[in-house]
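Data block below; observations after.
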Amino acid sequence: MNILITGSNGQLGNEMRVASKHYPRHQYFFTDVVEATGVQILDITDRKAVAAFIAKNGIELIVNCAAYTNVDKAEEDEATAMKINADALGVLGSQGVKVIHVSTDYVFSGDEHIPCRESDPVSPRTVYGRTKLQGEKMLLAACPEAVILRTAWLYSSFGNNFVKTMIRLGREKEQLGVVFDQIGTPTYAADLAEAIFTVIESPVWHAGVYHFTNEGVCSWYDFTKAIHELAGIRDCRVFPILSEEYQYKTPRPHYSVLDKSKYKKTFGVEIPYWKDSLERCIKLLD
Ligand SMILES: NC(=O)c1ccc[n+]([C@@H]2O[C@H](COP(=O)([O-])OP(=O)(O)OC[C@H]3O[C@@H](n4cnc5c(N)ncnc54)[C@H](OP(=O)(O)O)[C@@H]3O)[C@@H](O)[C@H]2O)c1
Numbered sequence: 172m173n174i175l176i177t178g179s180n181g182q183l184g185n186e187m188r189v190a191s192k193h194y195p196r197h198q199y200f201f202t203d204v205v206e207a208t209g210v211q212i213l214d215i216t217d218r219k220a221v222a223a224f225i226a227k228n229g230i231e232l233i234v235n236c237a238a239y240t241n242v243d244k245a246e247e248d249e250a251t252a253m254k255i256n257a258d259a260l261g262v263l264g265s266q267g268v269k270v271i272h273v274s275t276d277y278v279f280s281g282d283e284h285i286p287c288r289e290s291d292p293v294s295p296r297t298v299y300g301r302t303k304l305q306g307e308k309m310l311l312a313a314c315p316e317a318v319i320l321r322t323a324w325l326y327s328s329f330g331n332n333f334v335k336t337m338i339r340l341g342r343e344k345e346q347l348g349v350v351f352d353q354i355g356t357p358t359y360a361a362d363l364a365e366a367i368f369t370v371i372e373s374p375v376w377h378a379g380v381y382h383f384t385n386e387g388v389c390s391w392y393d394f395t396k397a398i399h400e401l402a403g404i405r406d407c408r409v410f411p412i413l414s415e416e417y418q419y420k421t422p423r424p425h426y427s428v429l430d431k432s433k434y435k436k437t438f439g440v441e442i443p444y445w446k447d448s449l450e451r452c453i454k455l456l457d
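Right, dumping it as structure tokens:
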């Protein structure tokens, strides 16, 4: 199959490039807005360029890893976030090919206390969440056969993320306050890439919305403690603080655990525990 991967310079896009080596029978076209080794330029908001690329390369499946992911900046630049996270999904969905797209726990309010299912009511509290929800709707309107994987707390050995920031701060500072009243599940982008390949390789195409994160739950405080333990950082005291003490620019969900039962049952797979995956990622950073 000829597969177009968008956003290939990002965390997930890079992990797709790594994972694709395990599935050599497909031909891959890695793209992003910025050119890189093995990555061609393709702006997903450019309808003409997308259509031309798909026709020229005989693309049969799009895996959309491109997004506007800066939650704070999105509050000040809703128009750009909407263009990339929502309007572009209308573009990708109307090409007459299969689409796998990635969305977010931010489509939920985060006010619940039990893991969210795909059928639970959505109620985004941020511009980022609203634009991602609108993207889901635009994609499903244009391409009802699309697969959408909602994920959360993504990290990788590629790009900037919470894991790398906490390792850096742990080595620089003697103490660090980290919020303990936001609960979620860290997700290794390498595991999400593998989950995408599970969808691709499935003998039957299972259209629909699915939740995918690693297994287990923790707070950002617990996550940081685990990061420092696994990275061998012992000289930084990590202590728990409340969200109100951190003074976020944009509200963050207090509880954004996703229920992954539908994904596991549909595709017949188990998902790694977050701490085991974190260990695999940190080994790559050494
Ligand atoms: N990161 C998280 O914690 C998290 C949590 C839940 C869900 N998600 C979702 O997971 C997916 C992957 O996230 P990620 O962390 O891998 O994102 P990322 O690292 O920010 O990568 C996104 C990539 O898309 C590129 N891009 C931006 N606008 C584009 C456009 N118009 N056309 C083509 N490419 C464009 C970005 O380029 P520039 O950097 O140059 O803009 C970047 O290389 C996204 O859908 C995101 O919403 C992420």
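Here the numbering used here is used: the first residue of the sequence shown is 172, the next is one more, and so on.
We put the beta carbon where it would ideally sit given N, CA and C, even for glycine.
Checklist entry - Mapping DSSP to helix, strand and coil, what is phenylalanine 394? => result helix
Item to check | Per DSSP, cross-strand counterpart(s) of arginine 408 | outcome: Gln346
Item to check | Check whether cysteine 407 and lysine 344 have beta carbons under 8 angstroms apart | outcome: yes
Next on the checklist: Is threonine 421 close to ligand 1? I mean its beta-carbon at under 7 angstroms from any heavy atom of the ligand.
Outcome noted: no
Next on the checklist: Using a Cβ-based criterion (distance less than 7 angstroms to any ligand heavy atom), does threonine 336 qualify as near ligand 1?
Outcome noted: no
Next on the checklist: Suppose the cutoff is 6 angstroms on Cβ atoms and the five residues either side in sequence are ignored; what does the same chain contact list for glycine 306 look like?
Outcome noted: Asn256, Ala257, Leu260
Checklist entry - What's the gap between the Cα of histidine 197 and the Cα of arginine 288? => result 32 angstroms
Item to check | Local Cβ density within 10 Å of tryptophan 376, reported as buried at 16 or more and exposed below that | outcome: exposed
Checklist entry - For the putative contact between isoleucine 176 and glycine 184, defined by C-beta atoms under 8 angstroms, what is the C-beta separation to the nearest angstrom? => result 6 angstroms
Checklist entry - On the three-pair Cβ rule with 8 angstroms, is the region 395–414 touching the region 348–362? => result yes
Checklist entry - Is it buried or exposed for glutamate 247, if we count other Cβ within 10 angstroms and need 16 for buried? => result exposed
Next on the checklist: Spatial neighbours of tyrosine 392 within its chain, please: C-beta separation below 6 angstroms, excluding the five flanking residues on both sides.
Outcome noted: Val349, Phe351, Pro411
Checklist entry - In whole angstroms, what separates the C-alpha of isoleucine 442 from that of tryptophan 324? => result 15 angstroms
Next on the checklist: Less than 8 angstroms between the C-beta atoms of asparagine 180 and valine 210, yes or no?
Outcome noted: yes
Checklist entry - Under 7 angstroms from any heavy atom of ligand 1, does the C-beta of alanine 259 make it? => result yes
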